[in-house]
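Asker:
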Amino acid sequence: MITKLLDFFDIDYKKLKKCYKDGQLVAIPTETVYGLSADATNTYAVKKIYEAKGRPSDNPLIVHFYDIKQIRNIVDVENENVQKLIDNFWPGPMSLILNIKNKSIISNKVTAGLNSLAVRMPSNKFAREILKQTEVLLAAPSANTSGKPSPTKFSHVYNDLKDKIDIIIKADDSDIGLESTVIDCTKYPFEIARPGDITLKNLKKILGEEGIIYRKNRVIKNPIAPGMKYRHYSPNAELIILDKTLDETLFFLKNKKSDTVFISYKKYENKLKNYDFKIKFLAADEDNIEECNRNFYNILRECDLENIKEIYIMKIKENDVNEALLNRLEKASSKK
Ligand code: TXA
Ligand code: MG
Numbered sequence: 001m002i003t004k005l006l007d008f009f010d011i012d013y014k015k016l017k018k019c020y021k022d023g024q025l026v027a028i029p030t031e032t033v034y035g036l037s038a039d040a041t042n043t044y045a046v047k048k049i050y051e052a053k054g055r056p057s058d059n060p061l062i063v064h065f066y067d068i069k070q071i072r073n074i075v076d077v078e079n080e081n082v083q084k085l086i087d088n089f090w091p092g093p094m095s096l097i098l099n100i101k102n103k104s105i106i107s108n109k110v111t112a113g114l115n116s117l118a119v120r121m122p123s124n125k126f127a128r129e130i131l132k133q134t135e136v137l138l139a140a141p142s143a144n145t146s147g148k149p150s151p152t153k154f155s156h157v158y159n160d161l162k163d164k165i166d167i168i169i170k171a172d173d174s175d176i177g178l179e180s181t182v183i184d185c186t187k188y189p190f191e192i193a194r195p196g197d198i199t200l201k202n203l204k205k206i207l208g209e210e211g212i213i214y215r216k217n218r219v220i221k222n223p224i225a226p227g228m229k230y231r232h233y234s235p236n237a238e239l240i241i242l243d244k245t246l247d248e249t250l251f252f253l254k255n256k257k258s259d260t261v262f263i264s265y266k267k268y269e270n271k272l273k274n275y276d277f278k279i280k281f282l283a284a285d286e287d288n289i290e291e292c293n294r295n296f297y298n299i300l301r302e303c304d305l306e307n308i309k310e311i312y313i314m315k316i317k318e319n320d321v322n323e324a325l326l327n328r329l330e331k332a333s334s335k336k
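Take the sequence shown: its letter number 285 is residue 285 in the UniProt record's numbering, and every next letter is one higher.
1. Answer yes if the stretch 194-213 comes into contact with the stretch 294-313, meaning at least three C-beta pairs across the two stretches below 8 Å, and no otherwise.
2. Keeping to the same chain, check which residues put their C-beta closer than 8 Å to that of Y158; ignore five residues upstream and five downstream.
3. Taking the C-alpha atoms as reference points, what is the distance between E129 and I28?
4. For I165, which option in A332, A112, K15 and G35 has the closest C-alpha, if you only look at C-alpha atoms?
5. Determine the direct distance from the alpha carbon of M1 to that of I49, and round the result to whole angstroms.
6. Which residue wins for smallest C-alpha separation from I183, given the options I213, P122, E330 and T134?
7. To the nearest angstrom, how far is the alpha carbon of N322 from that of G92?
8. Decide if L329 is buried, meaning its Cβ has at least 16 other Cβ atoms within 10 Å, or exposed.
9. Check K336 in the structure and name its three-state DSSP category.
10. Which complete alpha helix (DSSP H) runs does the stretch 105-164 hold, if anything under 4 residues is left out?
11. So, for T152: in the same chain, excluding its five sequence neighbours on each side, which residues have a beta-carbon less than 8 Å away from its beta-carbon?
12. Strictly by DSSP, which residues pair up with N99?
13. So is I62 buried or exposed if we call it buried at 16+ other beta carbons inside 10 Å?
14. Let me make sure I understand the geometry here. Which of K125, K109 and F65 has the alpha-carbon closest to that of L96?
See the structure below:
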């Protein structure tokens, strides 16, 4: 199969809708990462998603939609707290795991046999237009080969999935750069199954202190989201987190060559001259969390393209806004 690269502004929506109805796979931009979409009601199409990604079949998919009316008969949203989340965070980088009302509409390959379904209303204007014009409910995991960092650019999708999928929609890079916050709403308190741009603190503001929990270690060791149990988001190189000061780190790395990358921050630029190893900047400084999130996967992918063998990064202190980055860093690191 030859993958077609299609500029967003050249989309013919009638044709695109037909592609979905024929069971084709289409990579689309979203605000978090690029997604690999197919008609969620078509089992043949959904199976192909798993094949193209090499994704384990027990790892369920998120269904993306344009208007809440499209999912009212499919999942149970009649809950005061679910309503609060919807009012505050949709459209946006939040996926809700909800009880399924009517199993027949969505292919059971989407849910991997679970009684719950994750749904998301993306805010990215390109994704919204595609969902609105085609009126298809789209099952869409991240558009990467399973185990690789998620794609934040259409070129990342192309590198992983060329000749395995039908169409890649060419549009802007993803603004956020890490996957959505996944929240299990099938029990109370609600629980964060995968941290994302919408943080525990943001959620507590809406649901109250008691209304939501995040068990960081559970997400790694005994996850609600089946996808979190796999080694994930990893580059080919070994990623090593160093619990050292900058001076100690530079002393430790001083003899490393150009097959080694040190991920650091622009504020240290002057101290990082005259070394043989490569430097990549995650952001201006570690407090600029949005910039860190946006750049993280792209840097890991650049390291792969440059055949880097080892990647080092200094340990990042936990705070109210960086739980998603720390989670992805831990999942990408070589420590098992
Ligand atoms: O930002 C995102 O969420 C992106 C964009 C494309 O929307 N999608 C994405 O999908 O990251 P994926 O398939 O790569 O990750 C979905 C995660 C997996 O860890 C999966 O196990 C979990 O959500 N998940 C999906 N449905 C679930 C369910 N019913 N119960 C528990 N976990 C579920
Ligand atoms: Mg994924």
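By construction, the Cβ of each residue, glycine as well, lies at the ideal position given by its N, Cα and C atoms.
Answerer: Working from what's here:
1. no
2. T3, L5 and I168
3. 11 Å
4. G35
5. 14 Å
6. I213
7. 18 Å
8. buried
9. Low local confidence applies: a pLDDT of 46 at K336 is under 50, so the model's placement there is unreliable, and no value is given.
10. 108-111, 125-134 and 154-161
11. V33, Y34, D173, S174, G177, R294, Y297 and N298
12. S116
13. buried
14. F65
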